[in-house]
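A.B. asks:
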């Protein structure tokens, strides 16, 4: 398949001497950029290892395959041709990325869409994405664009949805090629072009719908190009999509940008300058860190002075509080004595009252117990009577239900017999209808006999047969009438029997109703008796409630007694705790005096020691080794001298610092000895 490449004639390309003169005429730009830019330059130089081979094979990009004689040589030639195309495209991609990074770093600013190396990079990338694309046939015609596989990125990577929506919302873009170019611009500005293409290459089963099996994106060259695109994250690009005609741009590769000779001497000079710049930045960072530490130490000294003044104020306030607490203790002792006298008097009075109330409660309790036992016996007897009455009622209800069931069965029998009578009557009516039909037929036959006197002889046999059938029908009618009469007699007998049974049932029902009336009267009398008993019970419950309230009052008095006793014990505990608190306050005062003496000693030590500056010390005070980049300076927070890391690796909590800080070995031993002497 042919690719959309355009080759420029070698005559149009400028010569090497002209390019050298143009480079010399240009003013040298500032080469003191940041260390990151120098590293990016080195990376871009490493990408151009195949510089010469790319220039030799650049003219072969996009050429038509040679016609083959037979089928097998044609296939081999097409394979070789596609291999050459992939290699040429990959080499051109390497060159375009290298020159783009070099030119962008030399400029030192964000790139615009008019920057020639950036334009050429997009042209080469477009050719790489078009390599091996399948042609899709539609109703309009054939469609061959690289925007189809780029649309898959939105489904595979949700972060790319912003790019897809912004491309779709641009009204200027009307073709798929323009949308694909806009997508590439936005991905480069986000610095995620390599990541998005890597996601596509990870899902080659989806790319097979758009590319042939030997396309550049389906082979290893695609992964190499994605790796090269990672270097473009160093570049900052600001591309304006509005106002640009991306649909009608022609992708032409300009080889004049890649006809520059490498300059080894400039590379060496750049390497030396970048090393000096790295050292300069490192020294500046060290100075900044040291200035920050000096400011922190000065702030800590100010905080220590403030804490000393606060401690002195707190000591004065503590002495005042001790005096006030002693006065309060004396007042509390006097109040305790008064409370004791009052509580003892109240306890004696309450004891006498409780004795009198207990005697009265015992007398009333005996009478109530006797009343309660009598009422309980009456309730038991009434319960027994009530159970017997309920049993009798259940028996009567059972008899009544049995009578109702018998009546229902009789009604069912009568209904069934009535149904049989109705069926017999229907049969009689049918027989009568048949007789009427036969009578009508006989009349019609007589008429036909009068009209057809000539044919009487022929029909005499038939008339005799009809007469015999008539006689049989009459006999059947007589039998049916006899059966009907017998059925009517049976129905009459059944009605008489049912009437007798209904009379007996009605008599039994009247007897049961009379019994029910008597039972209802008895129930009413029992309910009245029960209501009177309930009233008596309510009265007794009210009396018991009054007694319970009196008992609760007695219990409340007992609780008050217990509370008074507990308050007495609590007052004793408070008195003892206050005495212990006074003793502890005395201990705290002695400890605070000792701490003040320690603080004074520390202040004296701090005033005696001086904080050495970083510039004054060039060697460690203990091991006398010279400081360097690997052996850094460290201040001892106790004496203020400067030591190396090995001589000041210990940490201790000093009075002036809330957390453990760095201390030299000598100060560490001295402070440990002081702590052991203080603890002993």
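Residue numbers (this note's numbering): 116 to 795. By construction, the Cβ of each residue, glycine as well, lies at the ideal position given by its N, Cα and C atoms. These numbers were taken from a predicted model, which means no experiment stands behind them.
(1) Answer with buried or exposed for residue 703, where buried requires no fewer than 16 other C-beta atoms within 10 angstroms of its C-beta.
(2) Along the beta strand (DSSP E) that carries residue 104, what are the first and last residues, could you check?
(3) Sort 313, 413 and 295 by Cα distance to residue 363 and report the nearest one.
(4) Check for me: the beta strand (DSSP E) holding residue 241 runs from which residue to which?
(5) For the candidate residues 300, 280 and 246, whose alpha-carbon lies nearest to that of residue 227?
(6) Give, in chain order, every unbroken run of the alpha helix (DSSP H) that is at least 4 residues long and sits entirely within the segment 269-352.
(7) Taking Cβ positions, are residue 762 and residue 779 nearer each other than 8 angstroms?
(8) Apart from the five residues on each side of it in sequence, which residues of its chain come closer than 7 angstroms, Cβ to Cβ, to residue 319?
(9) Relative to the C-alpha of residue 292, which residue among 302, 361 and 243 is closest?
(10) To which residues of the same chain is residue 274 closer than 8 angstroms at the C-beta, ignoring the five residues directly before and after it?
(11) So, with DSSP's three-state summary, where would you put residue 760?
(12) In the DSSP assignment, what are the bridge partners of residue 653?
(13) Along the chain, which unbroken stretches of the alpha helix (DSSP H) at least 4 residues long are found entirely within the segment 462-494?
(14) In the DSSP output, what is residue 765 paired with across the bridge?
(15) Name the DSSP bridge partner or partners of residue 741?
(16) What residues match up with residue 248 in a beta bridge as DSSP calls it?
(17) Hey, residue 735 and residue 777: beta-carbon distance below 8 angstroms or not?
(18) Assign residue 756 to one of two classes, buried (16 or more other C-beta atoms within 10 Å of its C-beta) or exposed (fewer than that).
(19) If distances are taken between C-alpha atoms only, which option among 497, 754, 445 and 465 comes closest to residue 648?
(20) Verify whether the separation of the beta carbon atoms of residue 249 and residue 326 is less than 8 angstroms.
(21) Residues in the same chain with beta-carbon distance under 8 angstroms from residue 521, minus the five sequence neighbours each way, listed in chain order, please.
(22) When DSSP labels each residue in this structure, what does residue 634 get in the three-state scheme?
(23) For residue 226, does the three-state DSSP call read helix, strand or coil?
(24) For residue 269 and residue 758, what's the separation of their Cα atoms in angstroms?
(25) For residue 539, which residues in the same chain have their Cβ closer than 7 angstroms to its Cβ, ignoring the five residues on either side in sequence?
(26) Please report the distance separating the alpha-carbon of residue 796 from that of residue 597.
(27) I need the straight-line Cα distance from residue 346 to residue 767, nearest angstrom please.
(28) Looking only at its chain, what residues have a beta carbon closer than 8 angstroms to the beta carbon of residue 595, apart from the 5 residues adjacent to it on each side?
(29) Could you tell me whether the segment 417-425 touches the segment 655-667, using the rule of 3 or more Cβ pairs below 8 angstroms?
(30) What does the alpha-carbon distance come out to for the pair residue 466 and residue 473?
(31) With contact counted as at least three CB pairs below 8 angstroms, one residue from each stretch, are the segment 470-488 and the segment 633-645 in contact?
(32) Whose CA, out of 230, 613, 553 and 731, lies closest to the CA of residue 589?
C.D. replies: Checking against the coordinates, here is how it stands:
(1) For the purposes of this step, residue 703 is taken as residue 588 along the chain shown, with counting starting at 1. Residue 703 should be labelled exposed.
(2) Outside the displayed range of the chain (116 to 795) lies residue 104, so it cannot be described from this structure.
(3) Counting from one through the chain shown, the residue named residue 363 turns up at place 248. For the residues 313, 413 and 295, the minimum Cα distance to residue 363 belongs to 295.
(4) Locating residue 241 in the chain shown gives position 126, where the first residue counts as 1. Per DSSP, residue 241 belongs to no beta strand (DSSP E); it is in the alpha helix (DSSP H), 231-245.
(5) Locating residue 227 in the chain shown gives position 112, counting from the first residue. It is 300 whose Cα lies nearest to the Cα of residue 227.
(6) Entirely contained in the segment 269-352, the alpha helix (DSSP H) runs reaching 4 residues are, in chain order, 276-283, 291-305, 308-317, 319-322 and 335-344.
(7) Indexing the chain shown from 1 puts residue 762 at position 647. Indexing the chain shown from 1 puts residue 779 at position 664. Yes, the pair counts as a contact, with Cβ atoms nearer than the cut-off.
(8) Indexing the chain shown from 1 puts residue 319 at position 204. 333.
(9) Your numbering for residue 292 matches position 177 in the chain shown. Of the listed residues, the one whose Cα sits closest to residue 292 is 361.
(10) By one-based count along the chain shown, residue 274 stands at place 159. The beta carbon of residue 274 sits closer than 8 angstroms to the beta carbons of 307 from its chain, once the five residues preceding and following it are set aside; these are given in chain order.
(11) Here residue 760 corresponds to residue number 645 of the chain shown, with the count starting at 1. Note: residue 760 maps to coil in three-state DSSP.
(12) The sequence position of residue 653 within the chain shown is 538, counting from 1. The partner list for residue 653 (beta bridge, DSSP) is empty, contrary to what the question assumes.
(13) Fully enclosed alpha helix (DSSP H) runs of 4 or longer: not present.
(14) If you number the chain shown from 1, residue 765 lands on position 650. DSSP, once it has assigned bridges, lists 778 as partnering residue 765.
(15) Counting from 1 along the chain shown, the entry for residue 741 is found at position 626. Its beta-bridge partners are 734.
(16) Looking up residue 248 in the chain shown gives position 133. Bridge partners of residue 248: 326.
(17) As a first step, residue 735 is located in the chain shown; it is residue number 620 there, counting from the start. As a first step, residue 777 is located in the chain shown; it is residue number 662 there, counting from the start. Going by C-beta atoms, residue 735 is not nearer than 8 angstroms to residue 777.
(18) Against the chain shown, residue 756 aligns to sequence position 641. So residue 756 ends up on the buried side.
(19) Mapped onto the chain shown, residue 648 falls at position 533. When only C-alpha atoms are compared, the closest one is 497.
(20) Within the chain shown, residue 249 is the residue found at index 134, counting from 1. Within the chain shown, residue 326 is the residue found at index 211, counting from 1. Yes, the pair counts as a contact, with Cβ atoms nearer than the cut-off.
(21) If you number the chain shown from 1, residue 521 lands on position 406. Leaving aside the five residues that flank residue 521 on each side, the residues in its chain whose CB is nearer than 8 angstroms to its CB run, in chain order, 620.
(22) In the chain shown, residue 634 corresponds to position 519, counting from 1. Residue state for residue 634 is assigned as helix, using DSSP reduced to three classes.
(23) Within the chain shown, residue 226 is the residue found at index 111, counting from 1. Residue state for residue 226 is assigned as strand, using DSSP reduced to three classes.
(24) Residue 269 sits at position 154 when you count from the first residue of the chain shown. Residue 758 sits at position 643 when you count from the first residue of the chain shown. For the pair residue 269 and residue 758, the Cα-to-Cα distance works out to about 59 angstroms.
(25) The residue labelled residue 539 in the question sits at position 424 within the chain shown. The beta carbon of residue 539 sits closer than 7 angstroms to those of 599 and 602, all from its chain and outside the five residues before and after it, given in chain order.
(26) This structure does not reach residue 796, given that the chain is present from 116 up to 795, and the question cannot be answered.
(27) Position 231 of the chain shown, counting from 1, holds the residue named residue 346. Position 652 of the chain shown, counting from 1, holds the residue named residue 767. Going by the C-alpha atoms only, they are around 49 angstroms apart.
(28) Stepping through the chain shown from its first residue, residue 595 is reached at position 480. These residues qualify, in order along the chain: 542, 543 and 546.
(29) Verdict: no, contact absent.
(30) Along the chain shown, read from residue 1 onward, the residue named residue 466 stands at position 351. Along the chain shown, read from residue 1 onward, the residue named residue 473 stands at position 358. In this structure, the alpha-carbon of residue 466 lies about 11 angstroms from that of residue 473.
(31) Segments in contact, no.
(32) In the chain shown, counting from the first residue as 1, residue 589 sits at position 474. Closest in alpha carbon position to residue 589, among 230, 613, 553 and 731, is 553.
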